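Peer 1: Going down the list, the sequences are from chains A, B, C and D.
For what it's worth, my numbering labels the leading residue of the first sequence as 340, then goes sequentially.
For what it's worth, my numbering labels the leading residue of the second sequence as 9, then goes sequentially.
For what it's worth, my numbering labels the leading residue of the third sequence as 902, then goes sequentially.
For what it's worth, my numbering labels the leading residue of the fourth sequence as 9, then goes sequentially.
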Amino acid sequence: MTATDVKSPGLLAGLIGVARRDLLLAWKRPGDILNPLFFFAMVAALFPLAVGPSAEQLEFSGPAVLWVAALLAMLLSLNSLFLSDYEDGSLDQMLVSQTPLTVLALGKSIAHWLTSGLPLVLVSPVVALTFRMPFSVIGILMLTLLLGTISLSMLGSIGAALTVGLHRGTALLSLVVLPLAMPVLIFGSRTVALVAAGDGAAGGLYFLAAYAVLVLSFAPFATAAALRISNE
Amino acid sequence: MLSGTDLSLLRGDCCLFTDLSFALNSGELLLLEGRNGSGKTSLMRALAGLIEFESGDLHWDGVAVRKNRQAFHASLVWMAHRVGFKADLTLVENLNFEAVLRPQSDVDFDALLDRLGISRLQRLPMRSLSAGQQRRVALARMSLADSPLWMMDEPFTNLDREGRALVMKLVDEHLGDGGMCIMAVHQDVEVDKTVQRIQL
Amino acid sequence: MWKFIHKMASPPHFYGLAARIIPWFAVPGLVLVAYATYAGLFVAPADYQQGDAFRIIYVHVPAAFLSMMTYMIMAISAGIGLIWRIKLAHAVAAAAAPLGAWFTFLALATGSIWGRPMWGTWWEWGDPRLTSELIMLFLYFGYMALRGAIDDTAKADKASAVLALVGAVNVPIIHFSVEWWSSLHQGATLVREGGPAMDMSMLYPLLAMILGFKLLFSALLLRRVRTEVLYRERRTRWVRELVLSEEARS
Amino acid sequence: MEALSMGVYGPYVWACFIMTAMVFVICEWRARVHHRDVYSDIAERVRALGEKQ
């Protein structure tokens, strides 16, 4: 029995393995995917009800409302990211795994994005239509959400890892993650608004893409470090 | 070989132990004994690398664990208090995930489940298994892993007499194959292998 | 060198040393601030555009400067504590956070008061600096909330250190994005653009004030770190002996 | 008097300077109170331990 066994899992296998497990879990509990989506639609519906049915105002506030609602929905889904692993002891098992925790954390974040960010991107056109958004703008909205939710999943994983197992975790998670998420919100929402006003989208999209790459490169390490600390 | 020198551990404000030293060779069993709250689980978690020792060195095969965590974790399988299975996944799905975490041996899967008396439960979600049955699945995890070092925290909890005998039988076989085992217990355990004891 | 650092960072040594050097920061700091207050309020001429309201920058700019500097101090010492496991560094980070939040609040409050006569409103979203400061305040809140939620000091140190480092990576990006965001509108800023270079009699009090703030801040920080060290070491022998010798003296 | 009132801006400027002074005073005061509390807590415990021995 040696450590260098032929069957030892590779990094990529580890990454895919943990992501697949979380996707399978989500598949068995569809509520975990659907609830944030319902929340997204409801928050988006709150604004027209509060502002009034004026078409002009809705068109004007559409990008902002959709982005704020998406941000809040992501936040809602983050709470449970590491909670069940922490509670049932799976996190202990992952911490003593041969696969580096950074890889496992990245796999979990990817699965989180696939089960919360991507569905948001896919349902956003329906909600956007109710704000009288033209199709060309909806395309940009989906693109900004696609890039932005990747960053949010990654940043949010750090926050979720830092607050897992703490009392009052939900409120704390918001306090920790929201300030970090401001750049994504600003660029995501303003880019859509600029396009709606007839300007170009390139600058904002480049920023969102660059930011997603940056966050992807450091967030898994921070998440892994945070998980180690939280599980002590 | 796992060896610790002058280990000490703090939890919160209280000092659990200081200057603890031991050496565990292949074929040996190390028992951690002590009453509830004496720090068995904390020591176990620290040995597994989940919490840091306040001072002292832990070496695996002559290399400091701190410097080569991945190799150490590849040689380690751990049976914790909480079994670490997902309640929504079936028994087989849970055990399949083990391949992501650590190298797997070529033990006959079905024969092993048969021996542990859980082969009927394969397609059931983990949540419908009793606590004792879940402990048996955790035992299957130990045997499936190709890891020389077994760490078991209170392995007899929730198990019936037959199950407890099975734990000792599996540990015996593992030690016979040149493996090592660290076990935290609060009752006397009869093993005919080399036994070291640490009283906490 | 390494030994020297460890000796300096050892709690008993620091505790005694800090008590001795606090006055060396506090006294010059008070002198500088007193001079700068007098010069800023009465000697420096009124600004050609803003009139006497510009005198607010004598407290606003140093406060804003300190709020940024404190975050950097916090993040750097958090990193040092995380990497080299120096406990004193964690104590510095813990002590710095509330001070940083206070100075951020001060920068926000003075900026807002300045805005009232200048823009005719207590809060102008168009100003990127104020908006950045606001997000900065939220970052401090998040940091302090996380620290407060964890009971175990060592664990709180490490968890909040990770957050401080992630935040430090984000601070420049937040600034950049807020700049971009406000550039979409024409906003007024606290910095004079296009005017003639600042008169020397206006500049010197500002520099003195910044330096004075830094010195006073250092004194405050040392005092707080001292308390933090005392609390963290409360069960050690040196604290016991310290207390016993103090008791004997009185 | 003219220098103190600074035209219409006097109240704003003075408010800022007073607020700054207050922040410094509050920080210093809180630091001292906190230190005294921590110290007296420890002294209490040391005394209790001393009596036991």
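Beta carbons: idealized from backbone N, C-alpha and C, even for Gly.
Everything numeric in this text was worked out from a predicted model, so none of it was measured.
Count the other C-beta atoms from every protein chain shown that fall within 10 angstroms of the C-beta of A/Val390, then say buried if there are 16 or more, exposed otherwise.
Peer 2: As a first step, residue 390 of chain A must be located in the first sequence, where it is residue number 51. A/Val390 should be labelled exposed.
Peer 1: I need the straight-line Cα distance from C/Glu1094 to B/Ala72, nearest angstrom please.
Peer 2: Residue numbering aside, residue 1094 of chain C sits at position 193 when the third sequence is read from its first letter. Residue numbering aside, residue 72 of chain B sits at position 64 when the second sequence is read from its first letter. With a pLDDT of only 45 at C/Glu1094, under 50, the local geometry of the prediction cannot be trusted, and no value is derived from it.
Peer 1: Just the C-alpha distance for A/Gln396 and A/Val466, rounded to the nearest angstrom, thanks.
Peer 2: For this step, residue 396 of chain A is matched to residue 57 along the first sequence. For this step, residue 466 of chain A is matched to residue 127 along the first sequence. If I take the Cα positions, the gap works out to 16 Å.
Peer 1: Rounding to the nearest angstrom, what Cα-Cα distance links A/Arg359 and A/Arg368 in this structure?
Peer 2: Translated into the one-based positions of the first sequence, residue 359 of chain A becomes position 20. Translated into the one-based positions of the first sequence, residue 368 of chain A becomes position 29. Taking the straight line from one Cα to the other gives about 14 Å.
Peer 1: When the cut-off is 8 Å and only beta carbons count, does A/Ala342 lie next to chain B?
Peer 2: By one-based count along the first sequence, residue 342 of chain A stands at place 3. For A/Ala342, the pLDDT reaches just 41, beneath the cut-off of 50, and the residue's location in the model is therefore unreliable, leaving the point undetermined.
Peer 1: Name, in chain order, the residues that DSSP records as bridge partners for C/Thr1054.
Peer 2: Here residue 1054 of chain C corresponds to residue number 153 of the third sequence, with the count starting at 1. Note: C/Thr1054 sits in no beta bridge, so no partner.
Peer 1: Taking Cβ positions only, does D/Ala56 come closer than 8 Å to chain C?
Peer 2: In the fourth sequence, counting from the first residue as 1, residue 56 of chain D sits at position 48. Output row for D/Ala56: interface = no.
Peer 1: For D/Val33 and chain E, any beta-carbon pair shorter than 8 Å?
Peer 2: Any reference to chain E falls outside this structure, whose protein chains are A, B, C and D.
Peer 1: As a quick exercise: from B/Glu170, B/Gly187, B/Leu137 and B/Leu28, pick the residue whose alpha carbon is nearest that of B/Leu150.
Peer 2: Here residue 150 of chain B refers to the residue found at position 142 when the second sequence is read from its first residue. Checking the sequence, you will find Met at residue 150 of chain B rather than Leu. Minimum Cα distance to B/Met150 is reached at B/Gly187.
Peer 1: Any chance you could list the alpha helix (DSSP H) runs of at least 4 consecutive residues sitting entirely within the segment 68-146 of chain B, in chain order?
Peer 2: 77-82, 99-109 and 117-124
Peer 1: Would you decide whether C/Met909 is buried or exposed? Buried here means 16 or more other CB atoms lie within 10 Å of its CB.
Peer 2: The count along the third sequence starts at 1 and reaches residue 909 of chain C at position 8. Result: exposed.
Peer 1: For the candidate residues C/Ala920, C/Arg956 and C/Pro913, whose alpha-carbon lies nearest to that of D/Ala23?
Peer 2: As a working mapping, residue 23 of chain D is identified with position 15 in the fourth sequence. Among C/Ala920, C/Arg956 and C/Pro913, the Cα nearest to that of D/Ala23 belongs to C/Arg956.
Peer 1: Are C/Leu1121 and D/Glu36 touching if we call contact CB-CB under 8 Å?
Peer 2: Taking the third sequence and counting its residues from 1, the one referred to as residue 1121 of chain C is at position 220. Taking the fourth sequence and counting its residues from 1, the one referred to as residue 36 of chain D is at position 28. In contact: C/Leu1121 and D/Glu36 (Cβ atoms closer than 8 Å).
Peer 1: Does the beta-carbon distance from A/Gly543 to A/Arg529 come in below 8 Å?
Peer 2: The residue given as residue 543 of chain A occupies position 204 in the first sequence. The residue given as residue 529 of chain A occupies position 190 in the first sequence. The answer is yes: Cβ separation under 8 Å.
Peer 1: Whole angstroms are fine: how far does the CA of A/Val404 sit from the CA of C/Gln1087?
Peer 2: Against the third sequence, residue 1087 of chain C aligns to sequence position 186. Against the first sequence, residue 404 of chain A aligns to sequence position 65. Confidence at C/Gln1087 is low in this model, with a pLDDT of 47, below 50, so its placement is unreliable and no value can be given for it.
Peer 1: How many whole angstroms separate the CB atoms of B/Gly221 and A/Val435, which I take to be in contact at a CB cut-off of 8 Å?
Peer 2: Because chain B is modelled from 9 through 208, residue 221 of chain B falls outside the range shown and cannot be assessed.
Peer 1: Which bits of chain A does B/Val91 rub up against, with CB to CB less than 8 Å?
Peer 2: Reading the second sequence from its first residue, position 83 is the one you call residue 91 of chain B. Within 8 Å Cβ-Cβ: Asp427 and Gly428.
Peer 1: Kindly indicate which three-state DSSP category A/Trp366 falls into: helix, strand or coil?
Peer 2: Walking along the first sequence from the start, residue 366 of chain A turns up at place 27. Helix at A/Trp366.
Peer 1: Using the Cα positions of C/Phe1004 and B/Val145, report the straight-line distance between them to the nearest angstrom.
Peer 2: In the third sequence, residue 1004 of chain C corresponds to position 103, counting from 1. In the second sequence, residue 145 of chain B corresponds to position 137, counting from 1. Roughly 57 Å separates the two Cα atoms.
Peer 1: Checking contacts by CB at 8 Å: is C/Arg1093 closer than that to chain A?
Peer 2: On the third sequence, residue 1093 of chain C is found 192 positions in, with the first residue counted as 1. Its pLDDT being 47, under 50, C/Arg1093 is placed unreliably by the model, and nothing is read from it.
Peer 1: With distances taken between CB atoms, is the gap from A/Asp361 to A/Ala450 smaller than 8 Å?
Peer 2: Stepping through the first sequence from its first residue, residue 361 of chain A is reached at position 22. Stepping through the first sequence from its first residue, residue 450 of chain A is reached at position 111. Going by C-beta atoms, A/Asp361 is nearer than 8 Å to A/Ala450.
Peer 1: Compute the beta-carbon to beta-carbon distance between A/Ala394 and A/Arg471, rounded to the nearest angstrom, for a pair I have assumed lies under 8 Å.
Peer 2: The count along the first sequence starts at 1 and reaches residue 394 of chain A at position 55. The count along the first sequence starts at 1 and reaches residue 471 of chain A at position 132. About 6 Å separates the two Cβ atoms, so the contact holds.
Peer 1: Answer yes or no: do C/Leu1009 and C/Leu1040 have a C-beta to C-beta separation smaller than 8 Å?
Peer 2: Numbered from its first residue, the third sequence carries residue 1009 of chain C at position 108. Numbered from its first residue, the third sequence carries residue 1040 of chain C at position 139. No, the Cβ-Cβ distance between C/Leu1009 and C/Leu1040 is not below 8 Å.
Peer 1: Pull the bridge partners of B/Trp158 from the DSSP assignment, please.
Peer 2: Residue numbering aside, residue 158 of chain B sits at position 150 when the second sequence is read from its first letter. Paired residue(s): B/Val85 and B/Cys189.
Peer 1: Assign C/Ser1078 to one of three DSSP states: helix, strand, or coil.
Peer 2: For the purposes of this step, residue 1078 of chain C is identified with residue 177 of the third sequence, where counting begins at 1. Three-state result, C/Ser1078: helix.
Peer 1: What number of angstroms, rounded off, separates the C-alpha of B/Leu55 from the C-alpha of B/Val203?
Peer 2: Your numbering for residue 55 of chain B matches position 47 in the second sequence. Your numbering for residue 203 of chain B matches position 195 in the second sequence. About 18 Å.
Peer 1: Can you say whether A/Pro559 is buried or exposed, counting buried as having 16 or more other CB atoms within 10 angstroms of its CB?
Peer 2: Your numbering for residue 559 of chain A matches position 220 in the first sequence. The residue in question, A/Pro559, is buried, as its Cβ has 16 or more Cβ neighbours within 10 Å.
Peer 1: With a threshold of 16 other CB atoms inside 10 Å of the CB of C/Phe926, please say whether the residue is buried or exposed.
Peer 2: Within the third sequence, numbered from 1, the residue matching residue 926 of chain C stands at position 25. Looking at its Cβ environment, which holds 16 or more other Cβ atoms inside 10 Å, C/Phe926 is buried.
Peer 1: So what's D/Val33 in DSSP terms, helix, strand or just coil?
Peer 2: Start at 1 with the first residue of the fourth sequence, and residue 33 of chain D comes out as number 25. D/Val33: helix per DSSP, three-state reduction.
Peer 1: Which of the three DSSP states is assigned to C/Ile987 in this structure?
Peer 2: Within the third sequence, the letter at position 86 stands for residue 987 of chain C. The answer is coil: DSSP assigns C/Ile987 none of H, G, I, E or B.
Peer 1: Taking Cβ-Cβ distances below 9 Å as the criterion, which residues of the segment 49-66 of chain B are in contact with chain A?
Peer 2: Arg53, Ala56, Gly57, Leu58, Ile59 and Glu60
Peer 1: What is the DSSP secondary structure of C/Glu1142, counted as helix, strand or coil?
Peer 2: Within the third sequence, residue 1142 of chain C is the residue found at index 241, counting from 1. The answer is helix: DSSP assigns C/Glu1142 an H, G or I state.
Peer 1: Provide the residue(s) that pair with B/Phe25 in DSSP beta bridges, ordered along the chain.
Peer 2: Counted from its first residue, the second sequence places residue 25 of chain B at position 17. Paired residue(s): B/Leu17.
Peer 1: Considering only DSSP beta bridges, list what B/Arg205 is partnered with.
Peer 2: Indexing the second sequence from 1 puts residue 205 of chain B at position 197. B/Leu39.
Peer 1: When you check each C-beta in the segment 141-153 of chain B against every C-beta of chain A, which residues fall closer than 9 Å?
Peer 2: Arg149
Peer 1: Can you pull the DSSP bridge partners for B/Phe30?
Peer 2: Here the question's residue 30 of chain B lines up with position 22 in the second sequence. Per DSSP, B/Gly12.
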